[in-house]
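Q: If you're matching positions, the sequence shown starts at 1275 in my numbering and goes up one per residue.
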Amino acid sequence: MYINIDKFDISNLANEETLFHVANGYLGVRACFEDELSKDRSYSRGCYINGFYDESPISYGEKFHGYPDTKQSLINLPDVQSISLYIDGDNVNPFNCEMLAYSHQFNLEQGFVRRKYTLKDAKGREFTINTKRMASFVEKHLFILEYTVESHNFNGNIEIVSTVNGDVSNFFAKDDPRLASVAEKPLIEIDAYGAIDLLKLNAKAKNSQLKVYVGIVHEFTQGLEREGYSTATNALVKFKGSIEQNNPITITKLVLLADSYHNQNPADLIDEKIKEVRANGAAYYFYAQEEYLNQFWNVSRVIIKGDENVQNALDYNLYSLLASVGRDSKFSVSAKGLSGEGYEGHVFWDSETYVAPFFQFTQPQMAKTMLSYRYNILSYAKEQAKLLGHSKGALFPWRSIEGGECSTYYPAGSAQYHINGDVAYSFMQYFIATKDINFMNDMGAEVLLETARLWMDMGHYTDKGFCLDMVTGPDEYTCLVNNNFYTNAGAQYNLYAICHVMEILWNKGLGDHLKVSTAELDEFKKAADAMYLPYDDALGITCQDDSFLQKKKLDLNAIPKDKFPLLLHYHPLFLYRHQVCKQADVVLTYVMHKGIADEDVKAKSFKYYEDITTHDSSLSLCAYAIIAAQLGDTEKAERYFKETVDLDLNNTHKNTKDGIHTANMGGSYLTIAKGFAGISFEMDGINIAPNPIQAIKDYSFNFAYLGRTIKFNGTIEGFSIELIDGEDLSINVYGESITLSKDSIWEDTYK
Ligand code: BGC
């Protein structure tokens, strides 16, 4: 299980920084070259803690009521990856030497990244640098960097300088709305301490006042002398000695990070962790990493037989999801995980709609933690609803860190009310798959209730039914519309879900704290029954919204390739007034709500929207893959799936340098689970309706359902379902109830 790059290509280094970043859900470090003097050659020399943010005022040309005043952004923390090398006093690095050999490898089984390269400097000295990096899954505060130098043709003096540097800036790009637009130096009050056996640095984020603490200890080859220093903004230790041909020298940097967003007392925590790490040593953590991953792969791996590329890409995606998702309910997952500053570290609907399902299927506890984050920010969502003029309910922020709305452009931001439906859907899916009644009682039901109340507040009855006006659906090239199909379907689900859940809770004598009357639930049900779901009779397709089909069509074939993504080349109004989709909208609705349209409507709508969808958002392809599979278009399903699965590894969206696309990665898993295996969680339980496959000849995976582990295997001829552990269980297969028991395998052909 490896990802490899064996060619030194300067133009690809920015992507490598992202692809080979190491992270563990708490911290993440981009894969830059260590050398400090050449650090300007890094694209974005990032070190992050999930959710660690600074706040900045938003300046608007024209600020209207209810626009957010400030926004939070993930910030770049002290640079902990710097190690510089001097040979007989000369600094040598990949940019002032000749590169003779190069390999960069992600070991997904053991959870580390190795970069090995051989350099020849101006004086003809040849040497290999071999580095190994890991963000520990068992000790989330720990990042390890092992650095080995081996001389091939000389003996001499060597100096290796290991640094922590607090003088860092945030990444920005003036003309790309997907990135911050101004450079900030977010850290202040930097306090650095450097001694031979310990480096320490702490700093404060300028406006949020959040504090970060760094502690570094080293292991090193015997015989090296050490000197420790500090300046106003950094601390370093120099390792000095002599190097002989073929006699490698290693220093291992064990870096601990803790912060005040996630911890009550990060200063003490760092001291405690320094002691622990000194006592255990680096080898212990490398060993524990492999053990941890062993368990992860046992429950989470999708085995693809006969297609190594797809297997590797999928392994990489699932690993990256594990590395991206927060381990406490202070944060869930940002659009780029911990791999870069794209989208400023914000949580979007991506987390519930695309990422949470993978964890719900494989490690429900992690999905629950992600959902707890939403519960924890419910008070912010209630405030946001008020701010937008609602008299009741909660509206989740479109993009956020601590809970406040950080969207500065409401047409493609706060107007995306569908996020409420997405969050509600995710709570409900988790509940159906786990029957975790306590979680539903303690957190889920309140979220479902407050989101439902918002729909009631904003919606109204017309002769068409219950209508929701002035929203933006998932497709961000069509903004501020009435009755977006996706939004209305999500609202309907949300309204039914809370009615269903309250009945269950009340039957169990729970839920009294929720202060909801049967009369209010009746109103919910009435609105859900009457929910208007736009449909065009003449075309026989679902309408994306009330006005979409009346707009002018954009001829995508006439647009030059270099004008994509359109958002970087066309004014929003130009896009809004055309029939053109950035991403799946109607088609995504079919993914979430299988029974919402009949097959014929789905097939016609798929074709219609496919022709006008650019997939400029990475969240789109998987939805097309899933529905193509469900419609029986195997060839198309597998093509879209392949485009999904290696989107980052192949940098097909051309912005992997700014971070991985976590939603798309989740989408690659969803395609297997929902598209190929056809698993869906209906209100009354699981239904498995597998779809035929062709190019992907054989795949299998385990998933969790009601405390059991179930194995699914799909082949060209048919499929099997096996109960791996847990008690006998009834499930639906193509809508028919079957019983799974431990000693028998259910085998069937495709219907
Ligand atoms: C997409 C959104 C998504 C965001 C973050 C945008 O390009 O249109 O749907 O939430 O990226 O991934």
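Where a beta carbon is used, it is the ideal one built from N, C-alpha and C, also for glycine. As the structure is a prediction and not an experimental result, all values here were calculated from the model.
Would Gly1940 pass as a contact of Tyr1617 if the rule is Cβ separation under 8 Å?
A: Numbered from 1 along the sequence shown, position 666 holds the residue referred to as residue 1940. Numbered from 1 along the sequence shown, position 343 holds the residue referred to as residue 1617. For Gly1940 and Tyr1617, no; Cβs fall outside 8 Å.
Q: Comparing C-alpha positions only, which one of Ser1425, Asn1650, Lys1800, Thr1930 sits nearest to Gly1611?
A: Indexing the sequence shown from 1 puts residue 1611 at position 337. If we check each option's Cα against that of Gly1611, Thr1930 comes out closest.
Q: Can you give me the start and stop residues for the beta strand (DSSP E) that Tyr1276 sits inside?
A: Counting from 1 along the sequence shown, the entry for residue 1276 is found at position 2. Counting along the chain, the beta strand (DSSP E) containing Tyr1276 begins and ends at 1276-1279.
Q: How many angstroms separate the CA atom of Val1875 from the CA atom of Leu1813?
A: For this step, residue 1875 is matched to residue 601 along the sequence shown. For this step, residue 1813 is matched to residue 539 along the sequence shown. Rounded to whole angstroms, Val1875 to Leu1813 spans 9 Å at the Cα level.
Q: When you compare each of Arg1319, His1867, Thr1926 to Pro1839 by their alpha carbons, which one comes out closest?
A: Along the sequence shown, one-based indexing puts residue 1839 at 565. Looking at the Cα atoms, Thr1926 is the closest of the given residues.
Q: Work out the CA separation of Gly1385 and Ala1562 for me, nearest whole Å.
A: Counting from 1 along the sequence shown, the entry for residue 1562 is found at position 288. Counting from 1 along the sequence shown, the entry for residue 1385 is found at position 111. Looking at the two C-alpha atoms, the distance is approximately 10 Å.
Q: Considering only residues of the same chain and omitting the five flanking positions on each side of Lys1837, which have a CB-CB separation below 8 Å?
A: As a first step, residue 1837 is located in the sequence shown; it is residue number 563 there, counting from the start. Answer for Lys1837: His1843, Tyr1844, listed in chain order.
Q: Distance, Cα to Cα, Pro1846 vs Ala1911?
A: On the sequence shown, residue 1846 is found 572 positions in, with the first residue counted as 1. On the sequence shown, residue 1911 is found 637 positions in, with the first residue counted as 1. Taking the straight line joining both Cα atoms gives about 31 Å.
Q: Would you grab the beta carbon distance between Ala1477 and Glu1463 for me? Rounded to a whole angstrom, and I think it's under 8 Å.
A: Counted from its first residue, the sequence shown places residue 1477 at position 203. Counted from its first residue, the sequence shown places residue 1463 at position 189. Indeed they touch by this definition, with Cβ atoms about 6 Å apart.
Q: In terms of residue numbering, what span does the beta strand (DSSP E) encompassing Ser1594 cover?
A: The residue given as residue 1594 occupies position 320 in the sequence shown. First-last for Ser1594: 1582-1598, but that is the alpha helix (DSSP H), not the beta strand (DSSP E).
Q: Are the beta-carbon atoms of Leu1895 and Ala1937 separated by less than 8 Å?
A: Here residue 1895 is taken as the residue at index 621 of the sequence shown, counted from 1. Here residue 1937 is taken as the residue at index 663 of the sequence shown, counted from 1. Going by C-beta atoms, Leu1895 is not nearer than 8 Å to Ala1937.
Q: Heavy atom of the ligand FAD less than 7 Å from the Cβ of Tyr1617, yes or no?
A: With respect to the ligand FAD, the structure offers nothing, as its ligand set consists of the ligand BGC.
Q: Would you kindly report the start and end of the unbroken beta strand (DSSP E) that includes Asn1987?
A: For the purposes of this step, residue 1987 is taken as the residue at position 713 of the sequence shown. First-last of the beta strand (DSSP E) with Asn1987: 1982-1989.
Q: With three or more beta-carbon pairs closer than 8 Å as the criterion, would you say the segment 1480-1498 touches the segment 1320-1339?
A: yes
Q: Let me check understanding here. Comparing Cα to Cα, which of Asp1803, Ser1318, Asn1756, Tyr1806 lies closest to Asp1820?
A: Counting from one through the sequence shown, the residue named residue 1820 turns up at place 546. Comparing Cα positions, the closest option is Asn1756.
Q: With DSSP as the reference, please indicate the residues paired to Cys1241 in a beta bridge.
A: Because the chain is modelled from 1275 through 2025, residue 1241 falls outside the range shown and cannot be assessed.
Q: Closer than 6 Å from C-beta to any heavy atom of the ligand BGC: which residues, in chain order?
A: That gives Ala1609, Tyr1617, Phe1622, Trp1623, Asp1624, Pro1748, Glu1750, Lys1856, Gln1857, Ser1891, Leu1893, Ala1937.
Q: Can you tell which of Ala1978, Cys1306, Ile1962 has its C-alpha closest to the C-alpha of Gly1992?
A: Counting from 1 along the sequence shown, the entry for residue 1992 is found at position 718. Taking only the C-alpha atoms, the option nearest Gly1992 is Ile1962.
Q: Measure from the alpha carbon of Leu1419 to the alpha carbon of each residue in Ile1349, Glu1501, Phe1307, then state which is nearest.
A: Counted from its first residue, the sequence shown places residue 1419 at position 145. Nearest of Ile1349, Glu1501, Phe1307 to Leu1419, Cα basis: Phe1307.
Q: Taking all protein chains shown into account, do 16 or more other C-beta atoms lie within 10 angstroms of the C-beta of Ser1358, making it buried, or fewer, making it exposed?
A: As a position in the sequence shown, residue 1358 is number 84, starting the count at 1. Classification for Ser1358: buried.
Q: Along the beta strand (DSSP E) that carries Ile1490, what are the first and last residues, could you check?
A: Against the sequence shown, residue 1490 aligns to sequence position 216. Segment 1485-1494, the beta strand (DSSP E) holding Ile1490.
Q: Alpha carbon to alpha carbon, what distance is there between Tyr1566 and Val1576?
A: On the sequence shown, residue 1576 is found 302 positions in, with the first residue counted as 1. On the sequence shown, residue 1566 is found 292 positions in, with the first residue counted as 1. Using only the alpha carbons, I get a separation of about 17 Å.
Q: Helix, strand or coil for His2069 per DSSP?
A: For residue 2069 there is no data in the structure shown, the boundaries of the chain being 1275 and 2025.
Q: Give the straight-line distance between the Cα atoms of Arg1673 and Gly1687, rounded to the nearest whole angstrom.
A: For this step, residue 1673 is matched to residue 399 along the sequence shown. For this step, residue 1687 is matched to residue 413 along the sequence shown. C-alpha separation (whole angstroms): 8 Å.
Q: Could you check if Asp1829 is buried or exposed, using at least 16 other CB atoms within 10 Å of its CB as the buried criterion?
A: For this step, residue 1829 is matched to residue 555 along the sequence shown. Exposed: under 16 other Cβ atoms inside 10 Å.
Q: If you compare alpha carbons, which of Trp1571, Ile1332, Glu1336 is closest to Ser1974?
A: Taking the sequence shown and counting its residues from 1, the one referred to as residue 1974 is at position 700. If we check each option's Cα against that of Ser1974, Trp1571 comes out closest.
Q: In terms of DSSP beta bridges, what is Met1408 paired with?
A: Start at 1 with the first residue of the sequence shown, and residue 1408 comes out as number 134. According to DSSP, Met1408 bridges with Ile1418.
Q: Between Lys1660, Leu1661, Ile1675, which lies nearest to Met1644 when the distance is taken from Cα to Cα?
A: Numbered from 1 along the sequence shown, position 370 holds the residue referred to as residue 1644. Nearest of Lys1660, Leu1661, Ile1675 to Met1644, Cα basis: Ile1675.
Q: Confirm, please, whether the CB-CB distance from Arg1399 to Phe1369 is below 8 Å.
A: By 1-based counting over the sequence shown, the position of residue 1369 is 95. By 1-based counting over the sequence shown, the position of residue 1399 is 125. Cβ atoms of Phe1369 and Arg1399: not closer than 8 Å.
Q: List in chain order: all unbroken beta strand (DSSP E) runs of 3+ residues lying wholly within the segment 1915-1946.
A: none
Q: With Cys1773 and Leu1795 assumed to form a contact (beta carbons below 8 Å), what rounded beta-carbon distance in angstroms separates them?
A: For the purposes of this step, residue 1773 is identified with residue 499 of the sequence shown, where counting begins at 1. For the purposes of this step, residue 1795 is identified with residue 521 of the sequence shown, where counting begins at 1. With a Cβ gap of about 5 Å, Cys1773 and Leu1795 count as contacting.
Q: Give the DSSP-derived three-state secondary structure of Trp2020 in the structure shown.
A: Residue mapping note: residue 2020 aligns to position 746 of the sequence shown, counting from 1. In this structure, Trp2020 counts as strand in the three-state DSSP scheme.
Q: Taking one C-beta from the segment 1881-1893 and one from the segment 1853-1860 each time, how about it: are there three or more such pairs within less than 8 Å?
A: yes
Q: Kindly indicate which residue of Glu1996, Met1776, Val1584, Lys1878 has the alpha-carbon position closest to the one of Asp2017.
A: Along the sequence shown, one-based indexing puts residue 2017 at 743. Minimum Cα distance to Asp2017 is reached at Glu1996.
Q: State whether the segment 1622-1642 contacts the segment 1975-1984, with contact taken as three or more CB pairs (one from each stretch) at a distance under 8 Å.
A: yes
Q: Using 8 Å as the threshold, is the C-beta distance between Tyr1691 and Val1621 below it?
A: One-based indexing of the sequence shown puts residue 1691 at position 417. One-based indexing of the sequence shown puts residue 1621 at position 347. No; because the gap between Cβ atoms is not below 8 Å, this pair is not in contact.
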